[in-house]
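Numbering of the sequence shown is given in the working numbering, commencing with residue 1131 and proceeding in unit increments.
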Amino acid sequence: MKLIATMFTLFVLTCYPASAVAQFIQVNDTYTAQQLIENVLINSPCANVSNFTVTGDPFSPGENSYGYFNSNSSGFPFTDGIVLSTARAKKSEGPNDNLIDEGSNAWVGDTDLEQALNITNTYNATVLEFDFTPLTSQISFDYIFASEEYQGTAPCRYSDGFAFLLKQANSSNPYQNLAVLPNSTLPVLVTNVHPDIPGGCSAINENYFGGYNQPNAPINFNGQTTVLTAKASVIPGVTYHIKLVIADHENIRYDSAIFLGGGSFNVGTDLGPDRLLGTNNPICSGQTYTLDATEIGSNTYRWFKDNNLIVGATNPTYTVSNSGVYRVEITLGTTSCRAVGEITIEYSALPVLSNTTIVQCDEDRDGTTLYNLSTVDNIIKNNDSSLGVVTYYENLMAAQNQDTTQAIVTQNAYQSTPKTIYASVSNTYGCSNVASVSLQISNNTVPAFRDFESCDLDGNIDGFYAFNLRNADPVILSGLPAGLVVAYYPTIEDALLQTNLLLSFFTNTTQYQMYVYAKITNGPDCYGIVPLHLYVNNNSPDNFEDETVVLCKGTTVKLEVATTFNSYQWSNGDTDYTTEVNLAGEYTVTVADQNTCLATKRFNVILSEAPQITTVDIENFEEDGSNILINYTGVGNYEFSINGNTFQESPYFENVAPGEYTVLVRDKRNCGEDFEKIYVLNYPKYFTPNGDGYNDYWTIENLKRLPNSKISIFDRLGKFLFQFSPSQKGWDGTLNLKKLPATDYWFVLSLENNTTIRGHFALKR
């Protein structure tokens, strides 16, 4: 037992509720081993006992780790009995108001216990041993295990050990541990029996946990198991040695105890385990079960059912055919030993099954077809989901005996002629029943095939389309009786076996056409199988791509498609192959071919118009040529040119030499053009008024085209000298007929559009 550091005082479960006047067990630790065995544990003439020993550690004179206890009307499950502890026995008395946590490292453990539990390091062992010779074939006794380790998270990690060890006396045989959980070999330990521990571990074998004890409990331990029974089969007349031992594990802390029920050491006969519905081992209805209580010698047997003597039942065996509690009382020879055995028998009803018929189709009419037997599983079981798997047999006896070596292996694809087979089904208790299944072949007449066509309407003209097979039902059922149901499958075999059912929306897997198979059923019966030919029709006309059309402002445009279609529907309501529109926008025409499959073409009608030049911006008097920007209005897509030679996308022209030009703007979609004449100006950077007839006047070229313009001349100090118009020759370099000196002069050009341009030039003499 390992030391834990915390105390767990708030208990979720309690064995003993609070009461106004609490009672506690009383312990007398002065009993000898023989007194404990003969006077307390065994009170029966059916076993001879001898060789009694008990060992423990006396803590002080007159105190032992073992003793006799009585319940003292406390409500403890045993009226009296034996207590074996890893502490002083009297510390076991209630109330549960202090921790039993004592012992001595000098108080040794027990090697037999360690070997039985496969543990090491035990301390503070208390051992009660004796020999006994049974007169019957079974022994049993009742016990409770209690421990201080039922607190906190200790049950997840720590447990003291105890065992009830049995072997033939004076033999080297290994011990058999009887202190195990029912129907298992798991030792009864704190770590093996506890509820859910919050923050620690999950519950394990909680049904055997008696609960946490409150402070006013009859015993001074934090928790305990329920009443458990140790039992073993023995040979009458053979002497056995039994060793009852408990010890601390790992250290001497947090003690434990075993409480043995007084008089519970029963020497009886074993009728076997109870046959109960709750333990999943009842007897099946219609079966008998033989109870065998045979003991060696000339014995007297009396059998009871539900505490009533069964008249005439005096044999060692008794055959049961009804539910009940059966008991046998055996008087062994001429002794006063009366052995008792008891068993509870419950019966399970057999599964309620229904006989049924499978009517299958035979497409090639050869008298043999495939049956999917599993399709009637639920019919046979009457939809009882608690029943097990249905197994089919060709032979009734094999079905009744559940001889799986003769079971039909291919139940989902069973090939057969018409005949009767048998279905075996078991319930949860293994009780089985048999139903008959009549295999028959349908002789109905159905169409050889049906066609089912659809246009390719999914937007992808690729020969694949998601057919709504439900729309094919009327095609399949045309001319057939009402009430039939259709399901679709990819192959005939799938249709026969009802496997790989196609969904209502099915896309053909072979381009343009393929077959699927329609199985027609009348309830569970196959009425017929019809091949369904799926066709995908495409309306994919040539030259039917979407188209963009230009509408020049103030005009109309004609939209048209081929004249070979069956019908036309324009988005503006027209129903001919052509329509005329005067507004921009998107127009569609939907056409139908001879299969009524539709195709739609879109016309994107875009508006355009002739451009209008508003102004032309000219950057005059640039040394490397002038830059020109054409300003315009209009909704078209335009291109631009000077003098109509080369057109460009931009209305901006660079480095244009002085001169007269025509700028043009035209619509790329042929909705018109506009043009305007322009003049690119320049001026001389100097002049030489020396009367030689060359360059005697300073003026600006091409300005005559702008007759309302004015040129003013200034000296470098800003003094006004002269003004002239484009119609005049220009300035001759004089002021009041007086020649001015050679130097730089400035000019201001005032154009007709109120634009002012300034510059300077040189006068040279």
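C-beta atoms are modelled at their ideal positions from N, C-alpha and C, and glycine is treated no differently.
What you are looking at is a predicted structure, and each value in this text was computed from that prediction instead of being measured.
Mark residue i as exposed unless 16 or more other C-beta atoms lie within 10 angstroms of its C-beta, in which case mark it buried.
i: Ala1787; result: exposed
i: Val1555; result: buried
i: Val1489; result: buried
i: Thr1534; result: exposed
i: Leu1133; result: Only weak support is given to the placement of Leu1133: the predicted model assigns it a pLDDT of 29, under 50, and the value that follows is read from those uncertain coordinates. Leu1133 is exposed by the Cβ-count criterion.
i: Arg1218; result: buried
i: Thr1693; result: exposed
i: Asp1326; result: exposed
i: Leu1833; result: buried
i: Asn1638; result: buried
i: Arg1835; result: exposed
i: Val1142; result: With a pLDDT of 33 at Val1142, under the threshold of 50, the modelled position of this residue cannot be trusted; read the value that follows with caution. Classification of Val1142: exposed, given that the 10 Å Cβ count is below 16.
i: Gly1398; result: buried
i: Gln1281; result: buried
i: Pro1304; result: exposed
In terms of residue numbering, what span does the alpha helix (DSSP H) encompassing residue i cover?
i: Glu1244; result: 1241 to 1247
i: Leu1526; result: 1526 to 1531
i: Asn1514; result: A small correction: the amino acid at residue 1514 is Asp; Asn does not occupy that position in the sequence shown. Note, Asp1514: premise wrong, no alpha helix (DSSP H); not H, not E.
i: Asp1603; result: 1603 to 1607
Helix, strand or coil: which one does DSSP assign to residue i?
i: Pro1345; result: coil
i: Cys1145; result: Because the pLDDT at Cys1145 is just 46, under 50, the model does not fix this residue reliably, and the value given afterwards should be weighed accordingly. In the structure shown, Cys1145 sits in coil (DSSP, three-state: anything other than H, G, I, E or B).
i: Lys1798; result: coil
i: Cys1656; result: strand
i: Arg1846; result: coil
i: Tyr1782; result: strand
i: Ser1222; result: helix
i: Cys1414; result: strand
i: Tyr1384; result: coil
i: Leu1171; result: helix
i: Gln1641; result: coil
i: Asn1322; result: helix
i: Ile1426; result: coil
i: Asn1812; result: strand
i: Cys1682; result: strand
i: Thr1873; result: coil
i: Val1310; result: strand
Whose CA, out of the options, lies closest to the CA of residue i?
i: Asp1588; options: Ile1538, Asn1598, Leu1607, Gly1463; result: Asn1598
i: Pro1481; options: Tyr1501, Gln1530, Cys1491; result: Gln1530
i: Gly1211; options: Leu1166, Leu1847, Asp1227, Asn1438; result: Leu1166
i: Leu1214; options: Trp1237, Arg1580, Asn1235, Val1184; result: Val1184
i: Val1368; options: Phe1351, Phe1262, His1379, Asn1725; result: Phe1262
i: Leu1713; options: Asn1832, Lys1549, Ile1808, Leu1737; result: Leu1737
i: Val1795; options: Ser1701, Ile1440, Ala1740, Asp1822; result: Ala1740
i: Ser1504; options: Phe1206, Arg1495, Gly1497, Tyr1523; result: Tyr1523
i: Lys1688; options: Thr1651, Tyr1338, Asn1734; result: Asn1734
i: Gly1609; options: Glu1278, Tyr1645, Val1576; result: Val1576
i: Leu1247; options: Phe1770, Gly1282, Asp1227, Phe1294; result: Phe1294
i: Ala1347; options: Asn1202, Gly1398, His1379, Glu1583; result: Asn1202
i: Cys1414; options: Glu1476, Ser1428, Leu1374; result: Glu1476
i: Ala1553; options: Asn1573, Asn1525, Gln1570, Arg1600; result: Asn1525
i: Cys1286; options: Asn1381, Asn1335, Glu1803, Gln1344; result: Asn1335
My understanding is that residue i touches residue j, with C-beta atoms under 8 angstroms, so please give their C-beta distance in whole angstroms.
i: Lys1614; j: Asn1502; result: Per the sequence presented here, residue 1614 reads as Leu, with Lys not at that position. With 8 angstroms as the limit, Leu1614 and Asn1502 do not qualify as a contact, their Cβ atoms being about 19 angstroms apart.
i: Asn1158; j: Gly1197; result: 5 angstroms
i: Pro1446; j: Asp1422; result: 7 angstroms
i: Ala1387; j: Asn1254; result: Actually they are not in contact, since the Cβ atoms of Ala1387 and Asn1254 sit about 11 angstroms apart, beyond 8 angstroms.
i: Val1179; j: Ile1269; result: At roughly 11 angstroms, the Cβ-Cβ gap does not stay under 8 angstroms, so Val1179 and Ile1269 are not in contact.
i: Thr1720; j: Leu1728; result: 5 angstroms
i: Val1506; j: Thr1486; result: 5 angstroms
i: Asn1667; j: Cys1585; result: 5 angstroms
i: Ile1772; j: Val1746; result: The pair is not a contact, with the Cβ atoms about 10 angstroms apart (cut-off 8 angstroms).
Beta strand (DSSP E) containing residue i: first to last residue?
i: Leu1627; result: That residue, Leu1627, is in no beta strand (DSSP E); its alpha helix (DSSP H) goes 1622 to 1627.
i: Asn1178; result: 1177 to 1185
i: Leu1401; result: No beta strand (DSSP E) contains Leu1401, which DSSP labels as neither H nor E.
i: Leu1258; result: 1252 to 1264
i: His1371; result: 1370 to 1379
i: Ile1736; result: 1728 to 1738
i: Val1238; result: No beta strand (DSSP E) holds Val1238; DSSP gives it neither H nor E.
i: Glu1690; result: 1687 to 1690
i: Asp1747; result: 1742 to 1749
i: Phe1292; result: 1291 to 1298
i: Trp1828; result: Taken as a continuous stretch (DSSP letters only), Trp1828 belongs to no beta strand (DSSP E), as it is neither H nor E.
Report yes if the C-beta of residue i is less than 7 angstroms from at least one heavy atom of the ligand NAP; otherwise report no.
i: Thr1776; result: Ligands in the displayed structure: none, and consequently the ligand NAP is not present.
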